[in-house]
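Enquirer: Using the numbering used here, you'd call the opening residue of the sequence shown number 1 and step up by one each time.
Virtual Cβ for every residue (Gly too), placed ideally from N, Cα, C.
It should be emphasised that the depicted structure is a prediction, and the values quoted were computed from it without experimental measurement.
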Amino acid sequence: MQELNRKRRPRREFNREEGVAKAQALFHRHGFDGIGVAALTEALDINPPSLYAAYGSKLGLFERTLQRYVAEEALPLADIFTEDRSLAQAIAQLFSVAAQQYSRDTSCPGCLVTEGARAADPDARAAALRIGQHMIDALRSAISARSPSDADRLTDFVATTLRGFSAAAYAGIDPERLAAVARSSGKLLAKELEGA
1 MQELNRKRRP RREFNREEGV AKAQALFHRH GFDGIGVAAL TEALDINPPS
51 LYAAYGSKLG LFERTLQRYV AEEALPLADI FTEDRSLAQA IAQLFSVAAQ
101 QYSRDTSCPG CLVTEGARAA DPDARAAALR IGQHMIDALR SAISARSPSD
151 ADRLTDFVAT TLRGFSAAAY AGIDPERLAA VARSSGKLLA KELEGA
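This is the structure we're talking about:
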């Protein structure tokens, strides 16, 4: 028995952040409901008790992936809503950046937060909606700084349009077609803002 124990290799220490990165790709590709604990533990090369010890639950791991996604992939509002751009130019740029970002990786298309808000699991859906609301609040703040009286209407329009871009990317629209839709959306909004 001692001979067997000596020959076993010690398990490498589990890297929680690396696990979040791997899980993020799986949740992005398959959704919260489309990936089970067995597939997660296999991809992370850990057993279920280790997953629960590291993240508390599948939901806890999902929430960590959403936070990581926002930290690394959120649309760069501060870089887009700059003083040298009009509101219409900033929103048009936001549309272009979103279309490119949502369609650049065909294995993980769309916005993880937006697509996560479609989860059948109510707790996962609530987590994605909560994080999505923070992003919408930041967008409203950026728009309100330029157009306080239209902030709610424009935020609703922009957020809904971005969700549509995410859905189209997730459905597999050609990136060039999505980019063309983004350009058209920006031009149409600019015309409306000029007429207002």
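Would you kindly check if the distance between the Cβ of PHE81 and the Cβ of ALA142 is under 8 Å?
Expert: Contact: yes.
Enquirer: Over what stretch of residues does the alpha helix (DSSP H) that includes ALA78 continue unbroken?
Expert: Per DSSP, ALA78 belongs to the alpha helix (DSSP H) from 77-80.
Enquirer: Closer than 8 Å by C-beta to GLU194: which residues in its own chain qualify, once you throw out the five before and the five after it? Chain order, please.
Expert: These residues qualify, in order along the chain: ALA88.
Enquirer: Are there three or more Cβ pairs, one per stretch, closer than 8 Å when the stretch 127-137 is compared with the stretch 99-115?
Expert: Verdict: yes, contact present.
Enquirer: Give me, in chain order, the residues of the same chain whose beta-carbon lies closer than 8 Å to that of GLN67; leave out the 5 immediate sequence neighbours on both sides.
Expert: Only ILE131 meet the Cβ criterion.
Enquirer: Using the Cβ count rule (16 or more neighbours within 10 Å means buried), how would you classify SER86?
Expert: Classification for SER86: exposed.
Enquirer: Can you name the start and end residues of the alpha helix (DSSP H) that PHE27 belongs to?
Expert: Where PHE27 is concerned, the enclosing alpha helix (DSSP H) stretches over 16-30.
Enquirer: Is THR155 helix, strand or coil by DSSP?
Expert: Here THR155 sits in helix by DSSP.
Enquirer: Evaluate PRO49 with the Cβ neighbour count: other Cβ atoms within 10 Å of its Cβ, from every protein chain shown; 16 or more gives buried, anything less gives exposed.
Expert: When all chains shown are included, PRO49 counts as exposed.
Enquirer: May I ask you to report which of helix, strand or coil DSSP gives GLY56?
Expert: In the structure shown, GLY56 sits in coil (DSSP, three-state: anything other than H, G, I, E or B).
Enquirer: If I measure Cβ to Cβ from ALA119 and keep anything under 8 Å in the same chain, skipping five residues before and after, which residues do I get?
Expert: So the qualifying residues of the chain are GLY31, PHE32, ASP33, ARG125 and ALA128.
Enquirer: Just checking, does the stretch 37-51 make contact with the stretch 69-84 on the three C-beta pairs under 8 Å criterion?
Expert: They do not touch, by the three-pair rule.
Enquirer: Less than 7 Å between C-beta atoms, sequence neighbours within five positions excluded: which residues of the same chain meet that for ARG64?
Expert: VAL20 and TYR55.
Enquirer: Nearest by alpha-carbon distance to CYS108: which of GLN24, LYS58 and GLY186 is it?
Expert: That would be GLN24, whose Cα lies nearest to the Cα of CYS108.
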